[in-house]
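These notes concern the structure reproduced below.
In this note's numbering, the protein residues as written are 2 to 201.
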């Protein structure tokens with residue numbers, strides 16, 4: 002059965018090795034709040050030295066305003082670990098990122114914040130970028146069937162970890178997912194205590 006996890010306008014960010022300092026520069030990491038990071042996203046690319054919007058950066062182009070799906074290249078989210086990076090991306094309005102690969106820590110932080118990260122082959126990424134060159138793209142993400150629906154009966158399938166998939170479908174972070182296993186955890190602890198009473 003189809004289950005649309007997300008749908009919306011696609012923004013093609015044609016860059017490799019986008020690190021977390023480019024996603025959100027270090028001067029924005031001092032806040033103790035989890036809110037207010039949307040304006041900091043890609044700050045050094047989005048804004049010029051005088052604070053005005055950089056007209057040459059893709060997020061500032063009129064046709065990509067309101068985009069909710071980010072298409073990019075390889076090794077997205079590399080660099081230092083900072084949970085502020087997925088916060089900034091999500092607060093800007095993106096809830097899906099499609100790339101050839103992601104840094105592991107960034108991937109886990111993003112999933113724990115309810116974002117869907119899709120890894121595709123280099124050839125499929127190139128295919129999707131070529132679609133974007135044809136004009137504005139509105140895609141749907143069918144998470145249940147693991148497909149990116151491109152319109153006109155075109156689709157690209159994707160693989161993903163099934164535990165991550167179920168967490169996203171159920172809206173649980175890793176703590177919430179662990180809590181669903183409380184009965185099994187309790188049974189294990191009781192059996193272990195009985196088998197090793199000297200441990201207390």
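Just so it is clear, CB atoms sit at the ideal spot from N, CA and C, and this is done for glycine as well.
Asked: Nonlocal neighbours in the same chain, by C-beta distance under 7 Å from residue 103, ignoring five residues either side; Found: 77, 78, 118 and 120
Asked: Strand pairing of residue 8, partner residues [DSSP]; Found: 141
Asked: Alpha-carbon spacing of residue 35 relative to residue 84, whole angstroms; Found: 9 Å
Asked: Meets three-Cβ-pair contact criterion under 8 Å: the stretch 38-49 and the stretch 152-165; Found: no
Asked: 7 Å CB neighbourhood of residue 187 in its chain, flanking five on each side removed; Found: Bear in mind that a pLDDT of 48 at residue 187, under 50, signals an unreliable position, so the model cannot answer this.
Asked: Secondary structure of residue 45, DSSP reduced to three states; Found: helix
Asked: Touch test, the stretch 5-20 against the stretch 138-151, Cβ-Cβ under 8 Å, three pairs minimum; Found: yes
Asked: Alpha-carbon to alpha-carbon, residue 155 and residue 12; Found: 19 Å
Asked: CA nearest to the CA of residue 18, picked from 63, 27, 40 and 80; Found: 80
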